[in-house]
Structures are given as C-alpha cells and as structure tokens.
Amino acid sequence: MNKKIAIIGGGNLGKSIATGLLRANAVRPEDLTITRRKIQFLLSFSEQGVNVTSDNHKAVNESDIVIFCVKPHKINDILSSVKSDILKKKPIVISTVTGVKLTELAGILGSTTISLYRAMPNIAISVGESMTCISTNSQDEVQNNTIAGLFNVMGHSAFVDDDLMGAATVLAASGIAFAMRYIRAAMQAGIEIGFSSELSKQIVTQTVKGASILLQENNIHPESEIDKVTTPRGITITGLSKMELHGFSSSLVQGVLASFEKIKEVK
Ligand SMILES: NC(=O)c1ccc[n+]([C@@H]2O[C@H](COP(=O)([O-])OP(=O)(O)OC[C@H]3O[C@@H](n4cnc5c(N)ncnc54)[C@H](OP(=O)(O)O)[C@@H]3O)[C@@H](O)[C@H]2O)c1
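The sequence shown: position 94 = 86 (the numbering used here), numbered continuously.
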C-alpha cells in the first residue's frame, strides 16, 4: 500500500498493528509513524526505521491514514488536540477505541465530512491472523475497499453496523483471551494424561488450528464435524457429555454475555 500510516498510541494493540503491517509489507518502515509519550518503549520499531515520536500533530500531518489506539477515557482529549490537523490534512481516520461510536468521533471532530472508520481487531493482527470488524460513515466504496484491504493483509475483515462493534469487541478482541483459556485448560488436561507441557501445547494448538481451518475452508457447521468424530458409545461423545454436564457451552455463552454487559460500562 502506497500510503503513509500513523498509529496514535503505541501500546499493546498499536504495536501489534504496526508489527502486522510491517510483517505483511503493507507499509514501508519509513512510511509508518507510531506515537506514545514514553517513546523508549518503541525502540524495537525505531531500530527498524519506523518513525517514533510523541508528537501527535506531526504524525497526523504527515499521514494519509491515522489509526487511534488509545484507551477509551483518553480519546476525547487526544482526538480534540489533533482536530485542527485532521480537518486541514483530511486523512482517513480509524479508531480502535472500545465503546466510542462513529457519531461520537464525528462529534469530537465537529465534522461529518471526514471519513471515519472504527476497527476492532484482535492481537493476532501481529501475526497476520486477526478477525477485524469494521464500521464506517463513509459511502466511498473505493476507500472502504482500501481499508478492508489494509486489514485483510493482517487476517480477515468484515464490515458491520456500528451498533455491532461492542459485540465484535467481545467475540473477536476478548475472544482471543477466551480461546487462550480453552487452550490452557486443554493443555492442563494433556499434562494430566501424560504429555509434557511443551508437547501438550503443540498438540492442542495445532488441533485448534486444524478445527478452525476445517470450518473456514469447508464452510460447514461445527456440529456436523463433531458428528463425524463421535462414534456411538465412543470415547469422544463420553468426553463431550461430561464437559456439557459441567457447563462447557453454557459457561462460554454466559462469559460472552457478561463481557457484553460489561462493555456498556466502558469509559
Ligand atoms: N488490546 C486489544 O486486544 C484491543 C483490541 C481491540 C481494541 N482495543 C482498544 O484499543 C485501545 C488501545 O488498547 P491497548 O490495549 O493497546 O491499550 P494500551 O496498551 O494502554 O495502549 C495505549 C497507548 O496509548 C498511549 N498514549 C497515552 N496517551 C497518549 C498520547 N497523548 N499520545 C499518544 N499516545 C498516548 C500510551 O502510551 P504512553 O503512556 O507512553 O503515552 C499507551 O501505550 C483501547 O481503546 C482498547 O479498548 C484493544
């Protein structure tokens, strides 16, 4: 992509996006700028030739796409402080900030003519495997394709209604943690039945990866694959029934719903 990109807020997600962009060769290091106040924590990026600064104005003024990756309680102040730069330079603005709607972002900027996007990736963006939900106020198909393309080089993306971005946060961004917890629990069980921690991790992670790819490539429902591996009176169905007895599916659904309730309190 032949565009200059700024990431405002080089924390966990900002650094993951920067890593994903560089890994995919989606931007040249010299066309990428990352900002934060404690720039000493961005040394690994400056060593690669990425522009690292605490000057948000400079970052916005020199970029075609500006991605805001700051905490929800900070977005108002930070976006307000670079408002005049954005209105003058008119970059494409992307916010990854949880719980702040497109209408609120437009309100802070005092403009409905700036193209605004919200993107909700997860930290697997650093390895090119994010699921990123995007919402926008832009009707510009070409620009929308550009933004989808930006995130597609770092995984998959889907446009959703802005009202679904909270749900996207829970299912995809928090979802990474939920998936990790499944993996950790399965690894623990693997150790109980005889594997070393390392081998248990290898078996479980590859099994989860295989399950995901099967579902993605064949476009099938998980239950039809489960049917293929559950012999009547067999080993797998015995394990599944025991898991459900202890609330496996129900606890997952309840956890997602609890996170979804909590997200309404953000800010
Ligand atoms: N982590 C995820 O998986 C994830 C996924 C999707 C969405 N999100 C959302 O993305 C946002 C960032 O999350 P995060 O986990 O990356 O948080 P984080 O690690 O706290 O990163 C935020 C960064 O903003 C920087 N910052 C603070 N004030 C700044 C300023 N005035 N100018 C420039 N940078 C400033 C901070 O660095 P300094 O203190 O050095 O300035 C900090 O490193 C949040 O709104 C979160 O809800 C996160």
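Note that beta-carbon positions come from the ideal geometry of N, C-alpha and C, so glycine has one too.
Measuring straight from C-alpha to C-alpha, what distance separates residue i and residue j?
i	j	result
Glu121	Met112	13 Å
Val145	Ala250	32 Å
Glu190	Gly6	30 Å
Pro83	Ser204	36 Å
Gln208	Lys80	43 Å
Ile86	Gly186	48 Å
Ile139	Met235	41 Å
Val92	Ile9	19 Å
Ser107	Ala169	31 Å
Arg110	Glu184	43 Å
Asp154	Ser241	28 Å
Ala159	Thr88	14 Å
Ser243	Glu39	45 Å
Phe252	Gln246	10 Å
Gly202	Gly3	31 Å
Asp56	Gly141	15 Å
Asn136	Met123	17 Å
Thr197	Ala181	13 Å
Ile227	Leu237	16 Å
Thr199	Ala98	44 Å
Val19	Met(-7)	6 Å
Counting along the chain, where does the alpha helix (DSSP H) carrying residue i start and finish?
i	result
Arg110	Arg110 -> not in any alpha helix (DSSP H); beta strand (DSSP E) instead, spanning Leu108 to Met112.
Gly167	Ser166 to Glu184
Val74	Where Val74 is concerned, there is no enclosing alpha helix (DSSP H), given that its DSSP letter is neither H nor E.
Ile9	Asn4 to Arg15
Gln264	Residue numbering for the chain in the displayed model covers -7 to 259; residue 264 lies beyond these limits and cannot be assessed.
Pro214	Pro214 to Val221
Ile227	Ile227 to Leu237
Val92	Element bounds for Val92: n/a, residue is neither H nor E.
Ala18	Unbroken run through Ala18: none, as it is neither H nor E.
Ala51	Asn48 to Asn53
For the beta strand (DSSP E) holding residue i, just list the boundary residues, first then last.
i	result
Asn43	Asn43 to Thr45
Ala150	Gly147 to Phe151
Thr104	Neither: Thr104 is in no beta strand (DSSP E) and is coded neither H nor E.
Leu163	Counting along the chain, Leu163 falls outside any beta strand (DSSP E), and DSSP gives it neither H nor E.
Pull the bridge partners of residue i from the DSSP assignment, please.
i	result
Ser127	Arg110
Ser87	Phe60 and Arg110
Leu24	Ile(-3)
Ser251	DSSP, once it has assigned bridges, lists no residue as partnering Ser251.
Ser122	Gly147
Write down the C-beta distance between residue i and residue j rounded to the nearest angstrom, noting that I regard them as a contact closer than 8 Å.
i	j	result
Thr128	Val258	Incorrect: roughly 21 Å between the Cβ atoms, too far for contact.
Leu71	Ile31	In fact, because the Cβ distance is near 20 Å, the residues do not count as touching under 8 Å.
Ser118	Gly41	That pair is no contact at about 18 Å.
Glu217	Leu206	6 Å
Ser192	Met179	4 Å
The region 218 to 237 in contact with the region 130 to 150 per 3-pair CB rule at 8 Å:
no
Given 8 Å, three or more beta-carbon pairs between the region 65 to 80 and the region 31 to 47
no
Determine, using beta-carbon pairs with one atom in the region 159 to 166 and one in the region 99 to 119, whether at least three such pairs fall under 8 Å.
yes
Is it a yes or a no for the region -5 to 11 touching the region 24 to 38, going by three-plus beta-carbon pairs under 8 Å?
yes
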